[in-house]
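Trainee: Below you'll find the structure I mean.
2 protein chains.
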Amino acid sequence: MKLLKEYIEREGSVKDSSILKVDSFINHQIDPILMMEIGEEFKNRFKDKNINKVLTIEASGIAIAIAVAYAMKVPMVFAKKKKPSTMSEAYNATVHSFTKKEDYNITVSKEFLSPNDNILVVDDFLAMGNAIIGLKSIVEQAGAVVSGVGIAIEKGFQPGGEILKKQGIHLESLAIIESLENNTITLR
Amino acid sequence: MKLLKEYIEREGSVKDSSILKVDSFINHQIDPILMMEIGEEFKNRFKDKNINKVLTIEASGIAIAIAVAYAMKVPMVFAKKKKPSTMSEAYNATVHSFTKKEDYNITVSKEFLSPNDNILVVDDFLAMGNAIIGLKSIVEQAGAVVSGVGIAIEKGFQPGGEILKKQGIHLESLAIIESLENNTITLR
């Protein structure tokens, strides 16, 4: 996606050879016009999939997910990292974060997933793929189907993309980072 | 706001006399069309304020904030509850959550607030007002101004609304809950 790549080249910066800082437009400060364009792009890329719900994880997936859900005119659900006091029965999965070097639980109320759902899973970043695999587990616990995965920025030098494709997942990444070596952002 | 009140009456439920469960459309599953309508409503209510940035807290404020920011065509920033490894200098505030009975820190990178900013603070709920007061502290640390506070659902039986108004804040709440007594949602 040309617009997203332009943002990455203009505003992104390299923190070390594996961390791309994009917090001026995607995961701390957010450009809402870019988000809505991302929403339209995913709508087009998954237009034949009969998506009826968009799923992400709090917090930085929410802005993208709401934009996609608005474009597709379907509800959005975000998995929570803590089970709220108001939630009764839930589906759960454990996700390992390599960035934060810790495991965390993600949870979605059983009320909001059903066996008839065709789910589009979206997130801001794809690196090792663990968050997406956790979300896929939750979808499958509900008897529903992951009909696609939409990622804003895939780290092409990490194995997440290959792992998901080997599982037969239809993956669409709007920008793929080939390398962050030598303090330089190289896009595929 | 009529549409939001209809959602609350149709889909909301009372968990005890102080907790309103609205997770089918606002803070777990989210209706994106409702969000965009909320965005337009806040745009109208604050149209004379020269807002140039929208500020909220992760996670459940993000969907509303992105919708408001999109309507106003300004950037959105969300305060984080954990300082990410990529963030350098930041403004901080401590917020006490009465629901969760704990203190937590909120943080915004110094990069994304400046003394010239006219900030609209938005959130899904207003109860005791502590989260908003924390965000206001962060805005003031940056030398910027809170030009308004937009809340989707205010608990009118808790003091947050009065506390904010006594501080001279222009507060707009789209729905005010008068009472949750007797397992019944009473709107003001």
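Protein sequences appear in the order of chains A and S.
Numbering-wise (the numbering used here), the first sequence opens with residue 20 and increments by one.
Numbering-wise (the numbering used here), the second sequence opens with residue 20 and increments by one.
We put the beta carbon where it would ideally sit given N, CA and C, even for glycine.
For the alpha helix (DSSP H) holding A/Met91, just list the boundary residues, first then last.
Mentor: First-last of the alpha helix (DSSP H) with A/Met91: 81-91.
Trainee: Could you give the first and the last residue of the continuous alpha helix (DSSP H) run that contains S/Ala150?
Mentor: Start and end: 149-160.
Trainee: Please state whether the Cβ-Cβ distance between A/Ile83 and A/Asp143 is less than 8 angstroms.
Mentor: A contact, by the Cβ cut-off of 8 angstroms.
Trainee: Across the region 39-47 of chain S and the region 61-70 of chain S, are there enough close Cβ pairs to call them in contact, namely three or more that are closer than 8 angstroms?
Mentor: No, because fewer than three Cβ pairs between the region 39-47 of chain S and the region 61-70 of chain S fall closer than 8 angstroms, the two stretches do not touch.
Trainee: Chain A partners of S/Met54, CB-CB under 7 angstroms?
Mentor: Chain A residues near S/Met54: Ile85.
Trainee: Mind listing the chain A neighbours of S/Ile38? Cutoff is C-beta to C-beta under 9 angstroms, in chain order.
Mentor: Within chain A, the residues near S/Ile38 are Ser104, Thr105.
Trainee: Which of helix, strand or coil does DSSP assign to S/Gly1?
Mentor: Within the shown structure, residues of chain S are numbered from 20 to 207, placing residue 1 of chain S beyond reach of any answer.
Trainee: May I ask you to list, following chain order, the residues of the region 117-128 of chain S that have a beta carbon less than 9 angstroms from some beta carbon of chain A?
Mentor: Within the region 117-128 of chain S, the residues whose Cβ lies closer than 9 angstroms to some Cβ of chain A are Thr118, Lys119, Val127, Ser128, listed in chain order.
Trainee: Who are the near neighbours of A/Lys5 in its chain, counting only those whose CB is closer than 7 angstroms to its CB and skipping five residues on each side?
Mentor: As displayed, chain A neither begins before 20 nor continues past 207, which places residue 5 of chain A out of reach and without an answer.
Trainee: Quick one: measure Cβ to Cβ for S/Leu193 and S/Leu74, integer angstroms, because I've assumed they're closer than 8 angstroms.
Mentor: Actually they do not touch by this definition, with Cβ atoms about 18 angstroms apart.
Trainee: Does DSSP put S/Lys119 in a helix, a strand or coil?
Mentor: Note: S/Lys119 maps to coil in three-state DSSP.
Trainee: I need the DSSP call for S/Lys21, collapsed to helix, strand or coil.
Mentor: Correct three-state label for S/Lys21: helix.
Trainee: Using 8 angstroms as the limit for Cβ to Cβ distance, is S/Gln160 near chain A?
Mentor: S/Gln160 does not count as touching chain A.
Trainee: How is the alpha helix (DSSP H) around S/Phe61 delimited, first residue to last?
Mentor: Here the alpha helix (DSSP H) through S/Phe61 covers 51-64.
Trainee: Using a Cβ-Cβ distance under 8 angstroms, would S/Ala88 count as near chain D?
Mentor: Within the model displayed, chain D is absent; protein chains A and S are what it includes.
Trainee: Mind checking S/Gly80: buried by the 16 CB within 10 Å criterion, or exposed?
Mentor: Label assigned to S/Gly80: buried.
Trainee: Closer than 8 angstroms, CB to CB, is A/Ser43 near chain S or not?
Mentor: It does: the Cβ of A/Ser43 has a partner Cβ on chain S nearer than 8 angstroms.
Trainee: Quick one: Cα of A/Thr203 to Cα of A/Glu191, how far?
Mentor: If I take the Cα positions, the gap works out to 24 angstroms.
Trainee: Closest to S/Ser104 by CA distance: which of A/Thr118, A/Ser107, A/Ala161, A/Ser128 is it?
Mentor: S/Ser104 has its Cα closest to that of A/Thr118, out of A/Thr118, A/Ser107, A/Ala161, A/Ser128.
Trainee: Which residues in chain S sit within 9 angstroms of A/Asp50, going by Cβ to Cβ distance?
Mentor: Those are Ala88, Pro94, Met95, listed as they occur along chain S.
Trainee: Closer than 7 angstroms by C-beta to A/Ser32: which residues in its own chain qualify, once you throw out the five before and the five after it? Chain order, please.
Mentor: Lys40, listed in sequence order.
Trainee: Looking at the C-beta of S/Ala112, does it have a partner C-beta in chain A at a distance below 8 angstroms?
Mentor: No, S/Ala112 does not count as interfacial toward chain A.
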